[in-house]
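Residue 12 in numbering that gives the first Met the number 0 is what sits at position 13 of the sequence shown, and the numbering runs on without skipping anything. By construction, the Cβ of each residue, glycine as well, lies at the ideal position given by its N, Cα and C atoms. First the structure, in the form of structure tokens, and then the observations on it.
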Amino acid sequence: MTEQIRFHEILEAKLRSTIKKFIGRDLKPSVLKELRDAMVDDVTRVFNASNVKLTENALSWVGTQYFKTVNLNDNGIMAELVIVNDFKLADFPDADIETLYNLFNTAWFGEEVEQERARRRDGKEQVQ
């Protein structure tokens, strides 16, 4: 659990630093895309610096989950302002789902990961 908390702290500190660079900027589509891309890059860097491995799509998904919660200049959260073409958890390999569950099961998007994990486990039990 301590590793999970530490991982969250490092990741979220890096993301906060990036988000601060965008405060006060005009929220036109190119700026929003730049912010999302920067957040995905941050997630990728933090994961690459750790011993935790995820596929590129899973890294992008994590970055996008954080992006959706950003509220710049009191305009509302991104999830309410933009439509994001998101990856579907169902398309991720089992290893990514387990890693996401282990790291983010207490995050606001953890329930979605937990449901996908349970769906897969239920499916495997039915096959056996």
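CA-to-CA, the gap between ASP95 and LEU53 works out to about 6 Å. DSSP places ASN70 in the strand class (E or B) of the three-state scheme. Counting of Cβ neighbours within 10 angstroms places VAL39 among the buried residues, the total reaching 16 or more. Within the segment 67 to 111, the runs of alpha helix (DSSP H) that reach at least 4 residues and sit entirely inside it are, in chain order, 77 to 80, 93 to 103. Annotation: GLU8 to LEU99 spans about 16 Å, alpha carbon to alpha carbon.
Residue range 28 to 48 is occupied by the alpha helix (DSSP H) that includes PHE46. Taking each of GLY122, ASN72, GLU111, ASP41 in turn and checking the Cα distance to GLY23, the smallest one comes out for ASN72. In this structure, DSSP gives GLY23 a state outside helix and strand, which the three-state scheme calls coil.
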